[in-house]
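J.:
In my numbering, the protein residues as written are 1 to 92.
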């Protein structure tokens with residue numbers, strides 16, 4: 001079972017909202033909207049996706065990593081490496 005299963009509906013709602021924001025940005029570009037207005041919307045869409053990413057990371061740490069750590073061994077080490085790499089990708 002994946003760690004985000006309890007929050008799946010919320011994640012899907014947030015992703016649909018971000019999708020709508022991106023489609024809105026596309027329309028803004030098609031309509032030759034002022035650059036700063038587009039950048040403002042890009043920032044909002046980016047923030048929406050970051051919120052999804054952080055929620056997924058939190059679920060991964062509290063479910064997948066915690067479970068693997070309790071079991072110990074190479075699986076735990078691998079889960080910790082994966083989490084560390086995911087965090088590094090998010091903060092770049």
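Just so it is clear, CB atoms sit at the ideal spot from N, CA and C, and this is done for glycine as well.
Remember, it's a predicted structure, so these values are computed and weren't measured experimentally.
Comparing alpha-carbon positions, which option in 69, 9 and 61 lies nearest residue 85?
T.: Of 69, 9 and 61, the residue nearest in Cα terms is 61.
J.: Is the beta carbon of residue 14 sitting closer than 8 Å to the one on residue 40?
T.: For residue 14 and residue 40, no; Cβs fall outside 8 Å.
J.: Where do the N-terminal and C-terminal ends of the alpha helix (DSSP H) with residue 58 fall, by residue?
T.: Its alpha helix (DSSP H) spans residues 35-59.
J.: Taking the alpha carbon of residue 22 as the point to measure from, which residue in 38, 3 and 66 has its own alpha carbon closest?
T.: Comparing Cα positions, the closest option is 38.
J.: If you draw a straight line from the C-alpha of residue 9 to the C-alpha of residue 34, how long is it?
T.: Approximately 35 Å between the Cα atoms of the pair.
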